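These notes concern the structure reproduced below.
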Amino acid sequence: MKSVARRFRLPRHLRVPFAGKAFLLITLGVGVAAVNTGNNLLYLALSLNLSLILLSGFLSEGTLRHVTLRVRLASEAFEGGEAFLAVTCSAEVKRFPGISLVAILRAGEDPATVRFPDIAPGTSVTRVVPFRPARRGVLDSIHASVSTRFPFSLFEKSVELDVPAGVLVYPRPFPPAARCEDLPVAAPSGRPFLSGRVGAFPRGVREHLPADPVRDIHWKTTARTGRWMVKEREGDATPGIDLRVEETGTPEAFEVHLSEACGAVLELERRAVPFRLRIGDRLCAEAHDPDRRSKALESLAKARFDRASPPPVAPS
11 MKSVARRFRL PRHLRVPFAG KAFLLITLGV GVAAVNTGNN LLYLALSLNL SLILLSGFLS
71 EGTLRHVTLR VRLASEAFEG GEAFLAVTCS AEVKRFPGIS LVAILRAGED PATVRFPDIA
131 PGTSVTRVVP FRPARRGVLD SIHASVSTRF PFSLFEKSVE LDVPAGVLVY PRPFPPAARC
191 EDLPVAAPSG RPFLSGRVGA FPRGVREHLP ADPVRDIHWK TTARTGRWMV KEREGDATPG
251 IDLRVEETGT PEAFEVHLSE ACGAVLELER RAVPFRLRIG DRLCAEAHDP DRRSKALESL
311 AKARFDRASP PPVAPS
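In the numbering used here, the protein residues as written are 11 to 326.
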C-alpha cells in the first residue's frame with residue numbers, strides 16, 4: 011500500500027499562508043465586482059491578479075525543480091546528545107537559481123530547519139545545523155522536505171525527499187560505574203598506557219598513536235613506509251582492559267550495557283589505556299589496533315539484541 015501511495019502521490023505540495031489567502035479573497039472579490047458591474051478596469055485588475063498567480067506557480071516550480079540534498083555528519087553523534095549535520099543543497103544541474111529555499115530534516119527528536127536564501131545555477135551551498143538523534147544505529151536515509159515561497163510569498167510549494175545519509179549514531183555514553191574500580195588511574199611509570207615505551211630491547215615497530223612522544227619515532231621505517239612509525243620494546247607491554255557486552259537479558263538491559271561500554275571506551279581512550287571489546291562472542295576491537303576507538307564505537311552502534319539467547323540462570 012505504501013508503494014502504491016508513493017506512486018500516485020502528487021509531486022508537489024501546496025500550502026496557502028495568510029498573505030495568499032488574503033490575495034485570493036481580494037481576487038475573488040474583484041472578479042465578482044467585475045461580473046456585476048461590467049467595468050473593464052475591474053476585468054483588467056482581475057486579469058493582473060490571475061497572471062500573478064500563474065507567474066508565482068511557474069517561478070516557484072523553476073526554483074524547486076532538480077534541487078538535491080546531501081547529508082553527512084559534521085561531528086560524532088551519540089544517542090540523546092547534540093551533534094551536527096552538514097547539509098548541502100545543490101543546483102548543479104539547474105539553469106534556474108534556487109531562491110528562498112527552506113529544508114526541513116526529520117532526523118532526530120526535533121526537526122532541523124536549514125535555510126538557503128540563494129543558490130546560483132551550477133553551484134551548491136553547505137550549511138551546518140545541530141540535531142539530536144533519538145536512538146542509536148545507522149540512519150540509512152533521512153526524510154526531508156524542501157519548500158519555497160518565491161517570488162511573492164503568496165503560496166508555499168514543497169517537495170518531499172528521502173535523502174541518503176549513512177549516519178552512524180553511537181549509544182548514549184553512561185559513566186562506567188560498575189567498572190570504575192577496574193580502570194587504572196595512571197601507568198606505573200607515570201606515562202600513557204601504550205606498549206613499547208620503556209623496555210630495553212626493541213622488538214619491532216608499530217603505527218604512531220596520538221599519545222606517542224617524538225623520541226619513540228623510528229625514523230628509518232617512517233621514511234621507508236611514508237607513515238609515522240614508533241619503536242615497540244620487549245618487557246613493557248601494559249595489559250589491555252577487557253570490555254565485554256553480554257547478549258543476554260532484556261533489550262532494555264542490553265541497551266544499558268552498550269551505553270556503559272560506550273562510556274568506558276571514551277574514558278579509556280581519554281586515558282590512553284589499551285582495551286579489547288567483545289560483544290557476545292565477537293571480538294570487535296583489539297587492544298593495540300590504532301583504530302580501536304572507531305571500531306569499538308561502530309560495533310556498539312550496530313549491535314543487535316539476540317532475542318534467541320537464553321536468559322541467565324539465577325544461582326540456587
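The C-beta atom is built at its ideal place from N, Cα and C for all residues, glycine as well.
Treat the numbers as computed from the prediction; the structure is a model and nothing was measured.
| Item | Value |
| --- | --- |
| Length of the line joining the Cα atoms of Asn-49 and Leu-56 | 11 Å |
| Neighbourhood of Cys-190 by C-beta, 7 Å cutoff - its chain only, sequence neighbours within 5 removed | Residue placement at Cys-190 is poorly supported in this model, since its pLDDT is 47, which falls under 50; the coordinates still yield a value, given next. Correct list: empty, nothing qualifies. |
| Reference Phe-165; option with closest CA among Ser-70, Leu-58 and Ala-113 | Ser-70 |
| Ser-163 Cβ short of 7 Å to the ligand SAH heavy atom set | This structure lacks the ligand SAH, and indeed carries no ligand of any kind. |
| Inter-residue spacing [alpha-carbon to alpha-carbon] between Val-139 and Lys-104 | 25 Å |
| Complete runs of the beta strand (DSSP E) confined to the segment 279-308 [at least 3 residues] | 285-289 and 292-295 |
| Straight-line Cα distance separating Thr-98 from Val-255 | 38 Å |
| Option in Ile-227, Gly-250 and Gly-273 with minimal Cα separation from Glu-242 | Ile-227 |
| DSSP state of Ser-163 mapped onto helix, strand, coil | coil |
| Straight-line Cα distance separating Ala-271 from Ala-32 | 58 Å |
| At least three beta-carbon pairs within less than 8 Å, the segment 73-82 to the segment 31-46 | no |
| Any chain C beta carbon closer than 8 Å to Gly-273 | No chain C is part of this structure, which consists of one protein chain only. |
| Inter-residue CB distance, Ala-311 and Gly-147 (contact presumed, cutoff 8 Å) | 6 Å |
| Selection from Ala-93, Asp-128 and Val-124 that minimises the alpha carbon distance to Phe-106 | Asp-128 |
| Whether Arg-303 touches Glu-279 by CB criterion (8 Å) | yes |
| Extent of the continuous alpha helix (DSSP H) to which Ala-29 belongs | 28-47 |
| Cβ-based neighbour list, Phe-126, same chain, cut-off 6 Å, excluding 5 preceding and 5 following | Cys-99, Leu-111 and Val-135 |
| Endpoints, alpha helix (DSSP H) assigned at Ile-114 | First-last for Ile-114: 108-116, but that is the beta strand (DSSP E), not the alpha helix (DSSP H). |
| Same chain only: Cβ atoms within 6 Å of Thr-37, ignoring 5 sequence neighbours per side | Asn-59 |
| Selected residue, minimal CA-CA separation from Leu-268, among Arg-22, Pro-181 and Val-224 | Pro-181 |
| When Ser-155, Asp-120, Pro-174 and Ser-66 are compared against Pro-161, the one with the closest alpha-carbon | Ser-66 |
| CA-to-CA distance, Val-266 to Leu-64, given in whole angstroms | 57 Å |
| Closest by C-alpha distance to Leu-149, when choosing among Ala-101, Ala-130, Ala-87 and Leu-74 | Ala-87 |
| Straight-line Cα distance separating Arg-216 from Gly-236 | 13 Å |
| With 16 other Cβ atoms within 10 Å as the buried cut-off, status of Glu-102 | exposed |
| Distance CB(Glu-89)-CB(Pro-143) smaller than 8 Å | yes |
| Residues of its chain near Pro-174, where Cβ-Cβ distance is below 6 Å and the 5 sequence neighbours each way are ignored | Ser-151 |
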